[in-house]
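Numbering (the numbering used here), first residue to last: 15 to 527.
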């Protein structure tokens, strides 16, 4: 949408440094009218048979022409330039901010044309026999590198040598040439999570986990609430906030650069990521609220003097749903009953929930058969049932589907019995802490001494809550783990890690929360 304003969109699925690829990548690219992908990481042993040009098929049947960057995306960076090392100047500003400036930002190194010719020649001899197109892709650039001013001279000298022909072009032009040989390419279906040719750096999945959580929250509020609610409200005259929603998505997409969402950069970079996610969450939240408030005005609800309050419950899924509802209301703690428009009654409970801006509590109940992409109105009335608390054995909670046992002598470890099948699972809700002396990209266990600590080594305090709505465990335990890494071993000094776990079993819900 933005690139079209400048005259042209290059339809290339350029994913050079993504740390592995899901099987649906061809389907996603086809959704953007892109029929190709250029990638570096992810090809496993199948690459020996497929070669570096093949057809990648998604489970949906969508296909793209795939180009594997076997020599990476920097294989012709500063080609022919005499660079013994990337020498740099380090600058510390008066306020303490440190920056690194590469010398070649200011002065391009001298080019050795013989070297410039020899490098692609060696790559061609090694790679071209495995290609169908007999075309070698040379990537003249790399991370943090400026454009190479003398590249046209290198190309001219190489072509004058008569050994091969170099063409200075775009990825789009290259793809169009390769696609002429599609009928000779083998087909592959599935994800690309192999590391036969390049490492995957998969441990970055857990680097800066808070970024992954914020990303999920930002996408969920837009996809599941703001956009569908605004669309439904538009049918009744609501002005669809297209500009606001586009801005929210742009903030999220700015954070999807691989060295941003992977959490492998420096702290100042990721503080910017947090700000962008917060902007998207703020926009999505406000749009969702404005939309559902607009919709609620069309219901013209009659007051019920006996009801404590009314609730409009929205189901963002494209199918009927029975799900727990949890919402903060200005009501007293205790038991309630929720009755929908058809007179169906369900039990509800209001428990303490801290809030700094309103006096109230958190109401929870299970809403049954919520219509897809639709609403259900509930009236909330007082009830006489009570909440029972217990901190003594046996530590058991259950509903129609599960019976769950908690062991205080093993840090609150759980045993779950499936009432329908009789199957028993033990050793659940156990936390494990072991050493990691790697970096943001790679997990690496200590070579000398790795002390492994589990929550089963600690005792836990357990409180049981029972009501007509749900049964719950409140589990508190403290793990003592090594404070830090010292070289290739974990320290002898220990620190305490408090862990609080809430286990909920809602009546009528085939799930343990």
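Just so you know, even glycine gets a beta-carbon here, dropped at the ideal spot from N, CA and C. In this text, all values refer to a predicted model and were calculated from it rather than measured experimentally.
Asked: For residue 458, is the classification buried or exposed, using 16 other Cβ atoms within 10 angstroms of its Cβ as the cut-off for buried?; Found: exposed
Asked: Taking three-plus beta-carbon pairs below 8 angstroms as touching, is the segment 106-115 in contact with the segment 142-154?; Found: no
Asked: State the beta-bridge partners of residue 468 as determined by DSSP.; Found: 446
Asked: Among 58, 409, 48, 26, which has the Cα closest to the Cα of residue 33?; Found: 58
Asked: Specify the secondary structure class of residue 491 as computed by DSSP and reduced to three states.; Found: strand
Asked: Rounded to the nearest angstrom, what separates residue 104 and residue 137 at their Cα positions?; Found: 35 angstroms
Asked: Which partner residues does residue 68 have in the DSSP bridge list?; Found: 80
Asked: Go through the segment 317-382 residue by residue and report every complete run of the beta strand (DSSP E) that reaches 3 residues or more, in order.; Found: 323-329, 335-343, 348-354, 359-366
Asked: Considering Cα atoms alone, identify which of 367, 358, 353, 333 is closest to residue 343.; Found: 367
Asked: With burial defined as no fewer than 16 other Cβ atoms inside 10 Å of the residue's Cβ, what is the status of residue 61: buried or exposed?; Found: buried
Asked: Should the segment 112-130 be regarded as contacting the segment 167-175, the criterion being three or more beta carbon pairs within less than 8 angstroms?; Found: yes
Asked: I'd like the ranges of any alpha helix (DSSP H) spanning at least 4 consecutive residues and lying wholly in the segment 246-317.; Found: 256-268, 272-275, 281-310
Asked: For residue 10, which beta-bridge partners are listed by DSSP?; Found: Shown here, the chain extends from 15 to 527; a query on residue 10 therefore has no answer.
Asked: Measuring alpha carbon to alpha carbon, tell me which of 219, 96, 225 ends up nearest residue 164.; Found: 96
Asked: Measuring CB to CB, does residue 471 end up less than 7 angstroms from residue 492?; Found: no
Asked: Who does residue 429 pair with in a DSSP beta bridge?; Found: 419
Asked: Count Cβ pairs between the segment 110-122 and the segment 74-83 that sit closer than 8 angstroms; are there 3 or more?; Found: no
Asked: What residue range is occupied by the uninterrupted beta strand (DSSP E) comprising residue 102?; Found: 102-106
Asked: Which residues in the same chain as residue 217 place their Cβ atom closer than 7 angstroms to its Cβ, once the five residues preceding and following it in sequence are excluded?; Found: 452, 455, 456, 457
Asked: Can you tell me which of 292, 522, 402, 120 puts its alpha carbon nearest to the alpha carbon of residue 335?; Found: 522
Asked: Identify which residue in 67, 117, 514, 448 has its Cα closest to the Cα of residue 202.; Found: 67
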